[in-house]
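Presented below is the structure to which this report refers.
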Amino acid sequence: MRGYSFRYFLAEGFKGLWRNGFMSLASVAVLTSCLIVLGAFSTLVANINFNLELIGSVNQIVTFLEPELTDEEILAIRDNILAMDNVSDVKYISKEDAYNSEKEKYSEYPELFAKLENDNPYNASLVVTYVNVDQVPTLQYNLNQIDGIYKISYRSDIAAGIRNFKNTVIFVSLWFLILLLLVSLFVIINTINIAIFSRRQEIGIMRYIGATNWFISVPFIIEGVLIGLISAAIAFVVDWNVYRYIESVIGSDIKFIMVMPFSQLMWMLVGSFAVIGFLCGAIGSLISLQRYMKA
Amino acid sequence: MIEFSKVKKVYPNGTVALDNVSFYVGDAEFAFIVGASGAGKSTIAKLLLREEKVTAGQLVVNEMHLNDMPDRVVPYYRRQIGMVFQDFRLFPNKTVYENVAFAMQVVGEPARNIRRRVPALLDVVGLSDKLKRFPDELSGGEQQRVALARALANNPKVIIADEPTGNIDPQMSMEIMNLLVKINKNNNKTVLVVTHEKALVDYFQKRVITLSEGHIIGDRIGGMFE
């Protein structure tokens, strides 16, 4: 393709976009919505994964001890656990340590803890650090067999809950996205159809003077691709701003959820938006053109 | 240059437009195809443009067989033919200069060549002073001259004019026909003019191929409209 031809194709693509103002706008609106939803779901899934990893990185099981155990008995249990497979460390947290740690955590409510001072409700515990997450069920079973341990707490239930939530999000978003992408494609096909129809006389003349299908098609493909890329750019800006807003709200108000920094998601969004926008535009145009391209 | 040999054209609705039509138009020859409405003149133009395919027989133009020409080759074939239509078929949103330049752009001609050649072509058809006009600012005769300049843009070997004077007044018609004769003589182009205008045909005394109901009923050099 020669330099001037490329300029011609690009200019024709933009002109087409402008000439078809309303339909172009409709296509951009639908595809932008689709990409915004895609961005929202994918950043949500990325954040769920991020939080799951954080939970996974706390590779500890807390074993709560019967209150009447003596120090010797506790030490014996500790040694017993340390001798087990998959255990790298066992740390003893006394009743007082537990009380102080919680008091510190909820320092805004000193009156609550003042009442509890003489009647400490917390139990002593042994915090078991494990090596391999896959063998946790075995470890849990072995811990349960030890006399003197009345309860063990592991975050597997939380992790499983989050994983289930993630799978539901992925399942719902996938179907939603397929539907939205199909609608976007349909609207782009219609837009390009109208563009071709309104220029059918010109296309006819172009054929008579020996224009190839390629020469006739490229401006329409560019028009479709421009619709895709403009939608991608708008969707990115919207998602970016919404994310920053949510980040600021969650970052300041909800302490137990970690929000991924946007910089870690930015290139994933830019890349996927650009590729999906480009492909939707190009495929939509090609489908419309197929019907008109004859000798 | 143009060879019809036992050509038959039947349209999908069953109409037989041409039947057993054979004629040969040589290099740099000028010929009129004449006949009443429905005689098959337009079908000949459509076949030559490869807008339609022959049903039976052979059609060869500039050594290219149109019967078995793949669709992807058709644009390259059309570049060897300059086509002029009754309704001019100019781009309404392009200036005179741009209309002619576009035909060269389509075939990938470098911008430098386009800038050099377009004014020369418009000079040949006498429109040097109207480069920046749009088609709707021109008379019918002038529009047809732009179409003629465009037909010449890629230096084709054959010019086919389908009722080129159908939409213009008699005086302009004579000018257009004079231009076609001049192009045939000075530029050695094969020129085929499909027309039903008796006065013009009789005036120029060129080869006349006469069609009636899809058959050739006359083919005379220096002939008259029958």
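Protein sequences appear in the order of chains L and A.
Residue 163 in this note's numbering sits at position 163 of the first sequence, with consecutive numbering throughout.
Residue 167 in this note's numbering sits at position 167 of the second sequence, with consecutive numbering throughout.
For each residue, glycine too, the CB sits at the ideal point set by N, CA and C.
Values in this document were obtained by computation on a predicted structure and should not be read as measured data.
Quickly, what does DSSP pair residue i with across the bridge? List them, please.
i: S5/L; result: Beta-bridge pairing links S5/L to no other residue.
i: Y24/A; result: E3/A
i: T195/A; result: V34/A
i: Y85/A; result: Looking at the sequence itself, residue 85/A is Phe, so the reference to Tyr does not match. Its beta-bridge partners are D162/A.
i: I209/A; result: I33/A and D219/A
i: A56/A; result: K8/A
i: Q60/L; result: T129/L
i: S153/L; result: V62/L
i: L18/A; result: K9/A
i: V64/A; result: The displayed chain sequence assigns Met, not Val, to residue 64/A. Answer is V61/A.
i: I178/L; result: In the DSSP output, where bridge partners are listed per residue, I178/L has none listed.
Just mark residue i as buried or exposed, buried being the case when its beta carbon has 16 or more other beta carbons within 10 Å.
i: F30/A; result: buried
i: A17/A; result: buried
i: Y245/L; result: exposed
i: A39/A; result: buried
i: R264/L; result: Per the sequence presented here, residue 264/L reads as Gln, with Arg not at that position. Classification for Q264/L: exposed.
i: R50/A; result: buried
i: F9/L; result: buried
i: P70/A; result: exposed
i: S88/L; result: exposed
i: V229/A; result: Any answer about residue 229/A is impossible in this case: the structure gives chain A only from 1 up to 226.
i: Q205/A; result: exposed
i: D27/A; result: exposed
i: G161/L; result: exposed
i: E68/L; result: exposed
i: V34/A; result: buried
i: M23/L; result: buried
i: S125/L; result: buried
i: T190/A; result: buried
i: T15/A; result: exposed
i: T70/L; result: exposed
i: M206/L; result: buried
i: I257/L; result: exposed
i: Q290/L; result: exposed
i: Y243/L; result: buried
i: V249/L; result: exposed
i: M1/L; result: Legend: pLDDT at M1/L = 46, less than 50; position of this residue unreliable, no value from coordinates given.
Quick check on residue i: does DSSP put it in helix, strand or coil?
i: K8/A; result: strand
i: M172/A; result: helix
i: D71/L; result: helix
i: S88/L; result: strand
i: L139/L; result: helix
i: Y245/L; result: helix
i: M268/L; result: helix
i: I209/L; result: coil
i: T190/A; result: strand
i: I162/L; result: helix
i: I93/L; result: strand
i: M258/L; result: coil
i: A103/A; result: helix
Between the Cα of residue i and those of the options, spot the shortest distance and give me the residue it belongs to.
i: T242/A; options: G222/A, L59/A, R78/A and N178/A; result: The first residue shown for chain A is 1 and the last is 226, placing residue 242/A beyond what the model contains.
i: I230/L; options: Y208/L, C34/L and F9/L; result: C34/L
i: T43/A; options: I217/A, I168/A and D162/A; result: D162/A
i: V146/A; options: G82/A, T195/A, Y203/A and V34/A; result: G82/A
i: L286/L; options: S217/L, T168/L, A232/L and E73/L; result: S217/L
i: K185/A; options: H196/A, P170/A and V158/A; result: V158/A
i: D239/L; options: V172/L, L269/L, Q145/L and A29/L; result: L269/L
i: L44/L; options: I194/L, F171/L and I222/L; result: F171/L
i: L196/A; options: E3/A, D19/A and S37/A; result: At residue 196/A the sequence reads His, which differs from the Leu that was named. Comparing Cα-Cα distances from H196/A to each of E3/A, D19/A and S37/A, the minimum goes to S37/A.
i: L131/A; options: G141/A, N99/A and P156/A; result: N99/A
i: L121/A; options: P92/A, L138/A, I183/A and S22/A; result: I183/A
i: D87/A; options: V201/A, V54/A and L148/A; result: L148/A
i: E175/A; options: G57/A, Q143/A and R89/A; result: Q143/A
i: E117/L; options: N241/L, F41/L, N47/L and N100/L; result: N100/L
i: D169/A; options: N20/A, G140/A and K94/A; result: G140/A
i: P135/A; options: V96/A, R116/A and P156/A; result: V96/A
i: R78/A; options: V124/A, L90/A, N155/A and A101/A; result: N155/A
i: V201/A; options: E213/A, R220/A, N187/A and G214/A; result: R220/A
i: A56/A; options: M64/A, N62/A and L47/A; result: L47/A
i: A103/A; options: N51/L, F215/L, N193/L and I192/L; result: F215/L
i: Q171/A; options: I114/A, A199/A and A153/A; result: A199/A
With residue i and residue j assumed to form a contact (beta carbons below 8 Å), what rounded beta-carbon distance in angstroms separates them?
i: G284/L; j: I196/L; result: Contact flag wrong, Cβ pair sits at about 12 Å.
i: L192/A; j: I217/A; result: Their Cβ separation, rounded to whole angstroms, is 18 Å, which puts L192/A and I217/A out of contact at 8 Å.
i: K95/L; j: N123/L; result: 7 Å
i: I74/L; j: L143/L; result: The Cβ separation is near 14 Å, so there is no contact.
i: P75/A; j: T212/L; result: 4 Å
i: P261/L; j: G16/L; result: That pair is no contact at about 40 Å.
i: G228/L; j: F278/L; result: 5 Å
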